[in-house]
Structure formats: structure tokens, C-alpha cells
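*Asks:* FYI, in our numbering the residues of the sequence shown are 11 to 372.
A virtual CB, placed ideally from N, CA and C, is assigned to each residue, including glycine.
The structure follows.
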Amino acid sequence: MEKLKDKIASLSSTPFSRQTIACLLNDLYFAPCENKDALKEFLFEQARKKRDQYYSRKVFLRGLIEFTNYCQNDCFYCGIRHSNKKNRRYRLSCEQILDCCAIGYKNGLRTFVLQGGEDLYFSPQRLEAIIRAIKERYPDCALTLSVGEREKDVYERWFKAGADRFLLRHETATKWHYEKLHPQTMSFSHRLNCLRTLKKIGYQAGAGMMLGSPQQDISCLVEDFAFLSAFRPAMVGMGPFIPQKDTPFAQEKAGSVELTLICLALVRLLLPPVLLPATTALATLSKDGTIKGLDCGANVIMPNITPPAQRCLYTLYDNKKITDGESVEGLQKLKEMLHRAGYEAVMSRGDSKMTYSIDGTV
Numbered sequence: 011m012e013k014l015k016d017k018i019a020s021l022s023s024t025p026f027s028r029q030t031i032a033c034l035l036n037d038l039y040f041a042p043c044e045n046k047d048a049l050k051e052f053l054f055e056q057a058r059k060k061r062d063q064y065y066s067r068k069v070f071l072r073g074l075i076e077f078t079n080y081c082q083n084d085c086f087y088c089g090i091r092h093s094n095k096k097n098r099r100y101r102l103s104c105e106q107i108l109d110c111c112a113i114g115y116k117n118g119l120r121t122f123v124l125q126g127g128e129d130l131y132f133s134p135q136r137l138e139a140i141i142r143a144i145k146e147r148y149p150d151c152a153l154t155l156s157v158g159e160r161e162k163d164v165y166e167r168w169f170k171a172g173a174d175r176f177l178l179r180h181e182t183a184t185k186w187h188y189e190k191l192h193p194q195t196m197s198f199s200h201r202l203n204c205l206r207t208l209k210k211i212g213y214q215a216g217a218g219m220m221l222g223s224p225q226q227d228i229s230c231l232v233e234d235f236a237f238l239s240a241f242r243p244a245m246v247g248m249g250p251f252i253p254q255k256d257t258p259f260a261q262e263k264a265g266s267v268e269l270t271l272i273c274l275a276l277v278r279l280l281l282p283p284v285l286l287p288a289t290t291a292l293a294t295l296s297k298d299g300t301i302k303g304l305d306c307g308a309n310v311i312m313p314n315i316t317p318p319a320q321r322c323l324y325t326l327y328d329n330k331k332i333t334d335g336e337s338v339e340g341l342q343k344l345k346e347m348l349h350r351a352g353y354e355a356v357m358s359r360g361d362s363k364m365t366y367s368i369d370g371t372v
């Protein structure tokens with residue numbers, strides 16, 4: 011056990027090793043191991059210490075706006091996939107998006123996250139106009155986009171318009187596994203190239219993966235950690251896979267809260283300055299999942315400020331936890347919960363402390 015503790019303690023100070031990560035994942039989760047609970051607690055303690063070294067006990071709050079549930083893609087795991095005819099579709103207008111920002115800003119939020127499916131109705135020009143409108147009205151706020159794969163010139167256009175960050179989860183860094191989760195019309199290499207392009211342009215680029223997705227094994231996770239270690243994203247968004255009833259994966263088993271917490275802690279130790287959300291998916295599978303995530307090294311929460319009528323239609327997975335983050339009362343409850351757990355809710359931009367060269371190299 012002491013050797014395993016030494017491996018954990020040295021993750022932040024030694025070169026990345028696939029063998030070390032495979033060993034830790036195996037002993038912490040996949041295989042029987044003596045003193046597993048004590049080893050996990052040591053891992054979580056080390057992750058908290060490393061997070062506190064960079065960010066103290068601050069938890070950054072971001073206003074999430076799910077502005078469209080149309081999508082041109084047919085990812086097998088996603089409830090808003092193009093082929094799902096049972097989903098009621100919606101799009102927020104520019105005015106509705108600005109109303110969401112106004113509510114968030116009034117309540118103190120200084121980062122907005124525009125998230126949606128790959129909806130080509132929001133052309134480069136149309137989304138550029140929305141970005142400019144938000145940044146002109148709220149110049150002291152950061153703006154994150156999470157709208158999928160586009161070409162370099164489009165990403166550049168949005169960056170010049172004022173977008174600061176971009177979250178594009180790679181989902182899996184293993185090609186054969188990517189092809190089990192996506193239709194043939196989608197390209198593993200294009201997804202990774204998009205991430206590299208975003209970083210080269212100058213975005214604070216975020217990646218991330220699903221944990222416990224169908225056919226994922228320990229070798230897939232090792233490749234995920236290898237990719238993250240080399241790419242050094244500004245943020246890593248990851249949560250457990252949760253099946254959605256109207257997708258090809260409806261009958262698949264949900265991912266594990268335990269594995270998610272272990273991976274959060276490992277990412278924190280491998281990439282100490284990274285921004286690491288405690289995701290809605292984690293909170294959906296575990297009643298106190300948000301605090302559990304923070305206690306394993308996470309430091310970001312995204313209160314949902316989408317209008318309630320549309321929020322319930324953004325069904326990436328079943329039984330999604332719905333928050334009232336658009337209300338003063340909802341945010342106050344969140345702040346109080348964090349305070350009771352020993353954390354400080356921070357509403358500022360909260361930029362990542364991750365450093366990398368502007369051309370995207372490590």
C-alpha cells in the first residue's frame with residue numbers, strides 16, 4: 011500500500027506513465043485490493059491539497075445556458091441526437107439568451123456558458139452576432155462556447171468576436187472506442203484536430219470524457235489520461251455515462267460514481283492547475299454528488315440559467331437533475347451548501363491557471 015501511496019503522491023511531479031495510471035486504476039477500482047478504501051481516501055486527500063494549492067477552497071460558478079437542443083449528429087448515447095424524433099426541439103432567440111445573461115449577471119455570475127447541439131441554424135454569422143451582443147453588454151464577463159465541431163475559420167471568427175473559452179469533450183481518446191459510440195459520419199481524428207485548433211487559436215480549451223460508457227475498459231481510460239496529460243486542457247469536463255431511454259444505449263448500464271470520483275482526483279493530480287467541474291451527471295447519479303466531486307478535487311459548478319420551460323427538454327440523458335440556478339434563491343442555497351461543506355462560492359470569471367504555448371504545444 012505504501013508503494014501505491016508513493017505513486018499517487020508523485021503524480022504531479024513525475025513524467026506521465028501509462029503503467030502507473032493503469033496500476034492505480036486497477037488497484038483503486040477495477041480489481042480487488044487490500045485497504046482499497048484507505049487508498050482512495052489518500053488519493054482524495056492528495057487531490058484536495060493540490061487543488062487548494064492553486065485555487066484554495068474557491069468554487070467557481072458559471073451560468074449555463076442550454077440554448078438549442080437541435081443537433082445534426084447521431085451520437086449513440088445522446089438524447090438530443092438527430093434521429094430521436096421523440097424529443098421536443100427548441101431554440102432560444104438572441105433576446106432570450108441575453109435575458110438569461112441579464113438574470114445571471116444580476117445574480118452575480120461573471121461567466122456564461124453557451125451549450126447546445128451542433129445546430130447549423132446557428133450559422134457562423136448568427137452565433138457571432140450573439141457573442142458580440144453578450145460581450146458588448148457584459149464586457150467584464152467570460153464567455154464559454156460548447157457547440158461542437160466546426161472548421162478553423164469559424165472558430166477564429168467566434169474568438170475574434172469575443173468568445174474566451176471552448177469546451178469540446180473528446181469523449182474517448184481511443185479510436186475503436188470512439189467508433190463504438192458514434193456513427194460512421196463522425197471522425198475521431200477530426201474531433202481531436204478540432205481541440206488542437208481551438209488551443210492554437212488562443213481559446214482556453216476544455217476537453218473531457220464519459221466514464222463507464224459502453225465497452226470502455228481500463229485501457230481506454232489510460233489513453234484518456236495520456237491524452238489529457240499531453241494536451242493540457244484549461245478545463246476537463248467529465249462525468250458518468252447515464253443512458254437515455256430513446257437512444258441505442260437505452261439498456262446499457264450507467265457509469266459508476268466511484269470511478270468518476272477516482273478519475274476526478276487523478277486528473278487533479280496529473281494537471282494541478284486545471285479547472286475541474288463537478289458535473290450535473292455526477293449530481294444526477296448521487297444525491298450529494300456535487301460535494302463528493304469537490305471533495306475529490308473539483309472546483310467548478312455550473313448553475314443552469316436556461317429558462318425552465320426549455321431546461322427540461324435538454325435531455326442528454328435520463329433523470330437529469332434540474333436546478334433553479336436562474337433564481338436568487340437557488341444560487342443562495344448553492345452558496346449556503348458550499349459554505350457548510352467548507353468551500354467559498356466565487357462568481358468572478360475564474361480563469362484557468364493552466365499554462366501552455368499559444369501554438370497548442372505543451
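#1: Determine the contact status of LEU49 and LEU38, defining contact as a CB-CB distance below 8 Å.
#2: Which parts of the segment 211-255 are runs of the alpha helix (DSSP H), unbroken and 4 residues or longer, counting only runs that do not cross its ends?
#3: In or out: THR24 buried (at least 16 other Cβ within 10 Å) or exposed?
#4: Are ILE31 and LEU326 closer than 8 Å when you measure CB to CB?
#5: Note down the Cα distance separating ALA244 from ARG175, rounded to an integer number of angstroms.
#6: Would you mind reading off the limits of the alpha helix (DSSP H) that contains PHE122?
#7: Below 6 Å CB to CB, which residues in the same chain sit around SER27 once its five sequence neighbours on both sides are set aside?
#8: CB-CB under 8 Å to LYS15, same chain, minus the five flanking residues each way: which ones, in chain order?
#9: Output yes or no for whether 8 Å exceeds the beta carbon distance between ALA57 and CYS306.
#10: Consult DSSP for ARG67 and reduce its assignment to one of helix, strand or coil.
#11: For the segment 288-307 against the segment 224-244, do three or more pairs of beta-carbon atoms, one drawn from each stretch, fall closer than 8 Å, so that the two count as touching?
#12: Would the beta-carbon of LYS46 fall within 8 Å of that of LEU34?
#13: For ALA171, I'd like the list of residues in its chain whose CB is within less than 6 Å of its CB, leaving aside the five on either flank, ordered along the chain.
#14: The beta strand (DSSP E) that contains PHE169, what's its start and end?
#15: Which value, in whole angstroms, describes the spacing of the CA atoms of PRO193 and GLN63?
#16: Quickly, what does DSSP pair VAL310 with across the bridge? List them, please.
#17: Within 10 angstroms of its Cβ, does LYS95 collect 16 or more other Cβ (buried), or is it exposed?
#18: Return helix, strand or coil for THR78, following the three-state DSSP convention.
#19: What's the C-alpha gap between ARG147 and GLN226?
#20: I think TYR80 touches ASP129, with their Cβ atoms under 8 Å apart; what is that distance to the nearest whole Å?
#21: State the CB to CB distance for the pair THR195 and PHE86, rounded to an integer number of angstroms; the pair is presumed to be in contact (CB under 8 Å).
#22: Considering only C-alpha positions, which residue in the set LEU285, VAL277, ILE252, LEU281 is nearest to ASN329?
#23: Should the segment 118-129 be regarded as contacting the segment 353-361, the criterion being three or more beta carbon pairs within less than 8 Å?
#24: If we ignore side chains and look at the alpha-carbon of each, how far apart do THR371 and THR365 end up?
#25: Do you know how far the Cα of GLY340 is from the Cα of LEU205?
*Replies:* Put simply:
#1: Counting from one through the sequence shown, the residue named residue 49 turns up at place 39. Counting from one through the sequence shown, the residue named residue 38 turns up at place 28. Cβ atoms of LEU49 and LEU38: closer than 8 Å.
#2: 228-241
#3: Position 14 of the sequence shown, counted from the first residue, corresponds to residue 24. Its Cβ having fewer than 16 others within 10 Å, THR24 is exposed.
#4: Mapped onto the sequence shown, residue 31 falls at position 21. Mapped onto the sequence shown, residue 326 falls at position 316. Not a contact, by the Cβ cut-off of 8 Å.
#5: Taking the first residue of the sequence shown as 1, we reach residue 244 at position 234. Taking the first residue of the sequence shown as 1, we reach residue 175 at position 165. Going from the Cα of ALA244 to the Cα of ARG175 covers about 9 Å.
#6: In the sequence shown, counting from the first residue as 1, residue 122 sits at position 112. It is not in any alpha helix (DSSP H) - PHE122 instead sits in the beta strand (DSSP E) that spans 121-126.
#7: Counted from its first residue, the sequence shown places residue 27 at position 17. Excluding sequence neighbours, SER27 sits near nothing in its chain.
#8: Taking the first residue of the sequence shown as 1, we reach residue 15 at position 5. Closer than 8 Å at the Cβ level, and outside the excluded window around LYS15, lie LEU49, PHE52.
#9: Residue numbering aside, residue 57 sits at position 47 when the sequence shown is read from its first letter. Residue numbering aside, residue 306 sits at position 296 when the sequence shown is read from its first letter. For ALA57 and CYS306, yes; Cβs fall inside 8 Å.
#10: Within the sequence shown, residue 67 is the residue found at index 57, counting from 1. Correct three-state label for ARG67: coil.
#11: no
#12: Taking the sequence shown and counting its residues from 1, one reaches residue 46 at position 36. Taking the sequence shown and counting its residues from 1, one reaches residue 34 at position 24. The answer is no: Cβ separation not under 8 Å.
#13: Here the question's residue 171 lines up with position 161 in the sequence shown. Excluding residues within five positions, the ones whose Cβ falls inside 6 Å are GLU138, ILE141, ARG142.
#14: For this step, residue 169 is matched to residue 159 along the sequence shown. Where PHE169 is concerned, there is no enclosing beta strand (DSSP E), although the alpha helix (DSSP H) it sits in stretches over 162-171.
#15: Along the sequence shown, one-based indexing puts residue 193 at 183. Along the sequence shown, one-based indexing puts residue 63 at 53. Looking at the two C-alpha atoms, the distance is approximately 42 Å.
#16: Along the sequence shown, one-based indexing puts residue 310 at 300. Looking at the DSSP assignment, VAL310 forms a beta bridge with PHE70, PRO287.
#17: Taking the sequence shown and counting its residues from 1, one reaches residue 95 at position 85. With fewer than 16 other Cβ atoms within 10 Å, it is exposed.
#18: To locate residue 78, count along the sequence shown from 1; it is residue 68. The answer is strand: DSSP assigns THR78 an E or B state.
#19: Position 137 of the sequence shown, counting from 1, holds the residue named residue 147. Position 216 of the sequence shown, counting from 1, holds the residue named residue 226. Distance between the alpha carbons of ARG147 and GLN226: 44 Å.
#20: Translated into the one-based positions of the sequence shown, residue 80 becomes position 70. Translated into the one-based positions of the sequence shown, residue 129 becomes position 119. The Cβ separation is near 4 Å, so the contact holds.
#21: Stepping through the sequence shown from its first residue, residue 195 is reached at position 185. Stepping through the sequence shown from its first residue, residue 86 is reached at position 76. About 12 Å; that fails the 8 Å criterion.
#22: Position 319 of the sequence shown, counting from 1, holds the residue named residue 329. That would be ILE252, whose Cα lies nearest to the Cα of ASN329.
#23: yes
#24: Translated into positions along the sequence shown, residue 371 becomes position 361. Translated into positions along the sequence shown, residue 365 becomes position 355. Per-residue confidence for THR371 stands at a pLDDT of 44, beneath the threshold of 50, marking its modelled position as unreliable; the derived number appears in the next sentence. About 10 Å.
#25: Translated into positions along the sequence shown, residue 205 becomes position 195. Translated into positions along the sequence shown, residue 340 becomes position 330. The alpha-carbon atoms of LEU205 and GLY340 are separated by roughly 34 Å.
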